[in-house]
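First to last, the sequence lines map onto chains V, L, E and P.
Numbering-wise (the working numbering), the first sequence opens with residue 1 and increments by one.
Numbering-wise (the working numbering), the second sequence opens with residue 1 and increments by one.
Numbering-wise (the working numbering), the third sequence opens with residue 1 and increments by one.
Numbering-wise (the working numbering), the fourth sequence opens with residue 1 and increments by one.
Just so it is clear, CB atoms sit at the ideal spot from N, CA and C, and this is done for glycine as well.
4 protein chains.
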Amino acid sequence: MRTYRLVTACPDRVGIVAKISGFLATYNGWITEASHHSDQASGWFFMRYELRADSLPFELDDFRRAFAPIAREFDMHWQIADSAVKKRVVLMASKESHCLADLLHRWHSDELDCEITCVIANHDDLRGMVEWHGIPYHHVPVDPNDKQPAFAEVERLIEAHEADAVVLARYMQILPPSLCERLRHRVINIHHSFLPSFVGAKPYHQAAQRGVKLIGATCHYVTEELDAGPIIEQDLIRVSHKDSVEDMVRKGKDCEKMVLARGLRYHLEDRVLVHGNRTVVFD
Amino acid sequence: MRTYRLVTACPDRVGIVAKISGFLATYNGWITEASHHSDQASGWFFMRYELRADSLPFELDDFRRAFAPIAREFDMHWQIADSAVKKRVVLMASKESHCLADLLHRWHSDELDCEITCVIANHDDLRGMVEWHGIPYHHVPVDPNDKQPAFAEVERLIEAHEADAVVLARYMQILPPSLCERLRHRVINIHHSFLPSFVGAKPYHQAAQRGVKLIGATCHYVTEELDAGPIIEQDLIRVSHKDSVEDMVRKGKDCEKMVLARGLRYHLEDRVLVHGNRTVVFD
Amino acid sequence: MRTYRLVTACPDRVGIVAKISGFLATYNGWITEASHHSDQASGWFFMRYELRADSLPFELDDFRRAFAPIAREFDMHWQIADSAVKKRVVLMASKESHCLADLLHRWHSDELDCEITCVIANHDDLRGMVEWHGIPYHHVPVDPNDKQPAFAEVERLIEAHEADAVVLARYMQILPPSLCERLRHRVINIHHSFLPSFVGAKPYHQAAQRGVKLIGATCHYVTEELDAGPIIEQDLIRVSHKDSVEDMVRKGKDCEKMVLARGLRYHLEDRVLVHGNRTVVFD
Amino acid sequence: MRTYRLVTACPDRVGIVAKISGFLATYNGWITEASHHSDQASGWFFMRYELRADSLPFELDDFRRAFAPIAREFDMHWQIADSAVKKRVVLMASKESHCLADLLHRWHSDELDCEITCVIANHDDLRGMVEWHGIPYHHVPVDPNDKQPAFAEVERLIEAHEADAVVLARYMQILPPSLCERLRHRVINIHHSFLPSFVGAKPYHQAAQRGVKLIGATCHYVTEELDAGPIIEQDLIRVSHKDSVEDMVRKGKDCEKMVLARGLRYHLEDRVLVHGNRTVVFD
């Protein structure tokens, strides 16, 4: 079923729901899913509606025009998206295949509703797997002594592919701040620890060193500060003294895959609202 | 903060949210929490709003009068409750203390927002614990050869205490169908298995026999059919070949306590809507 | 590191560990992993040792000859396996790709230590994916009016491939009892429910109907009785009223993949000991 | 069943299991539970045996004398404990009752096998609950400007009660380094975060600030460095944007109680072996 997804955020006050739902009812809009959140701490109100596209008498442009005055009245940040327009996703990877293979399979089996426009990788190892799926593979090696040219090419590719989302599927390189800034809330990373524990390199080694009893993964938007962006989704799995670092790496992969897939899905379905450095996720 | 909790269920159609939120906005009602669910399978729409009591110009009786025409228009099942009016709860127990002690402590430490009017038990073992909390304890032994007099007394006590909810905190007796019928959706049981697995007696023994790798607990409303009522909450914990039945009983207790406490909390906060034999839980 | 895996089960009594570990020490055998279980209920003792192959002065045949008298003395069921000899695995599938793709990727990325000798499927849909991995694909359609020829062919293929394990990766067909009997404790199935709940067809529909709050998956050895064989591994994930049957199917897939992969891994590493209808899993 | 619990740790080499189990078999010792761990990273070997006390021909003193030469041969750290000798536990608390009430109930219902010799608290709020259980309550207020006298009194009480274990059940005061040092691996703390995230004060506020999707609790041995001691047990529960800090505090309590109870149980049953800053937990 084709739906429109209306997402709004504004300072909380009386009458927001009435105004918006009244507007929708005026046009006979059928709400199939409605989520609200009043954040007591910040005094903001967040909302996401899914509407049957065929219940409304107009297309998105008309919707936008008609809704704009209401949005202004309430100082809303807002957007509306059409479920029939697939988001364009660029995947970035390195040598590790587990997250990439997982996303490709979900896409291939129609579980992940998006267009994967290309894969960019700093190694050539995963080309065969990607190309079997009929997806272009761009090998952009990163020279450790001069990363700038590689990131310029990465940026060029992302723009050329008109990416709505960039997914770092264990890309293992730190994007330059300017790129993070430009693609704010559009670059999704999977970090292989339960953040804020074990920021940076080799988190499973850090976890083994500290002797934690669970290891985790965190899906978050990338910001200039390493591993510090708004968290979309997290999960953990149990480990014990029996698990070597290698075991943790292996077990952690399953956690990474699941957390990244869930986080990306929320993003693709316009379920993630960022406020400050935190997210509202209407799952 | 004192709130009113408005809960509605009706056949889904366009305009419900607009009508209700419009009604509330008319009276300047401030929504602090809003939950909606459109059930595709049944075509029903469920809703729960929490409203700041001090934002509305009238008390609940006036609210009810003003809202009634809207409710009729949409064929709603509905209710509104005042968070300042504590629900009256009767706890029922047998010899096992873990669920009872857990609920008593949550109540004692102001975590559970209700009035515990009394404890009814078919044994006298737990009297000291209950009376230390200042709660009346009624010992109503059940004669296995003639249970009717005991259940008549139980029913009398429940009525005398004007119970909004009856919690079977491992009561271990099956209530007569007439009582289940009378107290429909007001009697909450904790069953020590992940239903529908292991209905009836000795579920941990059944679980050990079958060799399952997790054991669970289920909080549900009691109906005439044993362990088959609408499920409010469930959870499980991992076991292994190392766990004897006694270990399962011990580990399972923690699961039972948590699941019952969560389920009761949902009920007390008017978060559980029953539709057919299933629940919508706006947690 | 190449290891030998010695697995024993026998009636419990004093001196078993001393006898076995004494035997091993005599030959300078280095134990890298040792697991024991004394089952109080049955009075049986289970054991699994991993030994550094290079610490022992002989190969497996000599080991077997030397160990046989001890095994006889204690009435042991026992076996020893060489980690360097990969087990031969036949995968069986239907149209659903998620479990198959998951296992293939784990194998392809060297996470799953086995040889996948072929895939047998009753539909031809997954051929491309399988053949990309360089694995033979046998399409054996099952005629619903006469399944016998198909299962004869399946049996022939399993024998021709000298399978140590057959994995039903959502094969969706019930194997004939004679084949189950023949391949006792070698056929691994993934059932898409938390058994013993929702045996048989369409378990997610059954789960939605009952209104459970978690859905699960069960990896078990196949026996003549449907979905009743010894359970190797299980897990669950949370669902709510928001999840339609389709959502359950989607979420459940992740659970199925993980549970099957873990269960198969235990089997491949000789970590599963079956006793009656239950398993000891030395994870 | 009365058992002896033999726990050893030593550099790994060939023949340890054979030597120890041979020793036990010589005296007809019946092993009811055996756990081993070879730590590849450190090259150490850890072991825990439970033995039926009635199967051995001598008491613990004789056992110790007979075993000492073996221990010396392998440079073992070792100890043997009698399950019939209850460990003496001092509980310390402040104003928050949830962990204390939970432990008291587990002890009261014979789930926790120990003697609770007294409760020490820096406030007087929990006296009634403690004394109802028949346990002495010592109110030792801590003067924020001069904590020394209070901690001197705490130390005196711990010594007077001959505590085998001291449990900080949300005590909220930092013990002086000298006391930590003296009671090394005998003081158990529950920290209300998933360490190493959110060390120090107000971890739930820190968690809300960071926007994590799960909150946790950590049971660890207290060392001089705050919240940095060897971790015994951890767990987490899911939260969302809907949860205020107050909700996190409430939900977190359940996690704290469970994690502390499990950690203490492991300690009481001699299941925790500390090596460096990490633990081997034979659960």
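- Residues of chain E whose Cβ lies closer than 7 Å to the Cβ of L:ASN277 are, in chain order, GLY211.
- The DSSP assignment places complete beta strand (DSSP E) segments of no fewer than 3 residues inside the stretch 68-97 of chain L at 77-82 and 87-93, in order along the chain.
- In this structure L:LYS251 does not touch L:ILE232 by the C-beta definition: roughly 22 Å separates them, more than the 8 Å allowed.
- Beta-bridge annotation (DSSP): L:ASP39 is paired with L:TRP44.
- Taken in chain order, the whole beta strand (DSSP E) runs of length 3 or more contained in the stretch 103-144 of chain V are 114-121 and 137-139.
- Between E:SER38 and E:ASP12 a beta carbon distance of about 5 Å is seen, short of the 8 Å cut, so the two are scored as contacting.
- V:VAL280 reaches chain P at HIS241, counting residues in chain order whose Cβ is nearer than 8 Å.
- Looking at V:ASP164, V:CYS118, V:ARG127 and V:GLY43, the one whose alpha-carbon comes closest to that of V:GLU269 is V:ASP164.
- Taking 7 Å as the CB threshold, L:SER38 lines the interface with chain V.
- Nearest in C-alpha terms to P:PHE282, of all of L:LEU264, L:VAL280, L:LYS242 and L:GLY263, is L:LYS242.
- Taking 7 Å as the cut-off, the beta carbon of P:PRO177 is found closer than this to the beta carbon of P:GLU224.
- Chain-ordered, the chain V residues with CB closer than 7 Å to the CB of E:SER109 read SER97 and HIS98.
- Distance from the Cα of P:ARG210 is smallest, within the candidate group V:PHE63, V:ARG278 and V:HIS267, for V:ARG278.
- A distance below 7 Å between beta-carbons, with the five flanking residues on each side excluded, links E:ALA207 to the following residues of its chain, in chain order: SER193, PHE198, ILE215 and MET248.
- Inclusion of V:ARG48 and V:VAL7 in the CB contact set at 7 Å is warranted, their separation being smaller than that value.
- Beta-carbon to beta-carbon, L:HIS139 and L:ALA121 are separated by about 6 Å, close enough to satisfy the 8 Å threshold.
- Close CB contacts of E:ALA66 within its chain, under the 6 Å cut and outside five residues either way in sequence, are absent.
- Cβ contact annotation for E:GLU162 (same chain, cutoff 8 Å, sequence separation greater than five): ARG88 and THR117, in chain order.
- Burial check for L:SER42: the Cβ neighbour count within 10 Å stays below 16, so the residue is exposed.
- Straight-line measurement puts the Cα of E:LYS19 at about 52 Å from the Cα of L:ASN189.
- Taking 7 Å as the threshold, the shortest C-beta distance from E:GLN79 to chain L does not fall below it.
- Boundaries of the beta strand (DSSP E) harbouring L:LEU273: 272-275, taken from the DSSP string.
- Under the DSSP definition of a beta bridge, L:CYS219 partners with L:ILE190 and L:GLU233.
- A residue is called buried when at least 16 other Cβ atoms come within 10 angstroms of its Cβ; P:GLN148 does not meet this threshold and is exposed.
- A direct Cα-to-Cα measurement between L:GLU181 and P:GLN234 gives close to 44 Å.
- Using a CB distance below 7 Å, the part of the stretch 179-207 of chain E facing chain L consists of PHE194, PRO196 and SER197, ordered along the chain.
- V:TRP132 belongs to the set of residues whose beta carbon lies under 7 Å from a beta carbon in chain E.
- In terms of beta-carbon proximity, V:ALA71 stays away from the interface with chain L, with every pair separated by 7 Å or more.
- Distance from the CA atom of E:ASP110 to the CA atom of E:ARG184, rounded to whole angstroms, is 27 Å.
- Listed as beta-bridge partners of V:VAL166 by DSSP are V:VAL90 and V:VAL187.
- The beta carbon of E:VAL119 lies closer than 8 Å to those of VAL90, LEU91, MET92, ALA93, LEU100, LEU126, VAL130, ILE135, PRO136, TYR137 and HIS138 in the same chain, with the five residues before and after it left out.
- Contact check for V:LEU60 and V:TRP30: beta-carbon distance about 16 Å, past the 8 Å limit, so the pair fails to qualify.
- The residue from P:ALA261, P:LEU56, P:GLN40 and P:SER55 with its alpha-carbon nearest to that of P:VAL167 is P:ALA261.
- Contact annotation: V:PHE46 and V:ILE16 have beta-carbon atoms that are not nearer than 7 Å.
- At a cut-off of 7 Å between C-beta atoms, E:GLY43 does not count as an interface residue with respect to chain P.
- For L:ASP254, the nearest CB of chain P lies under 7 Å from its own CB, placing it at the interface with that chain.
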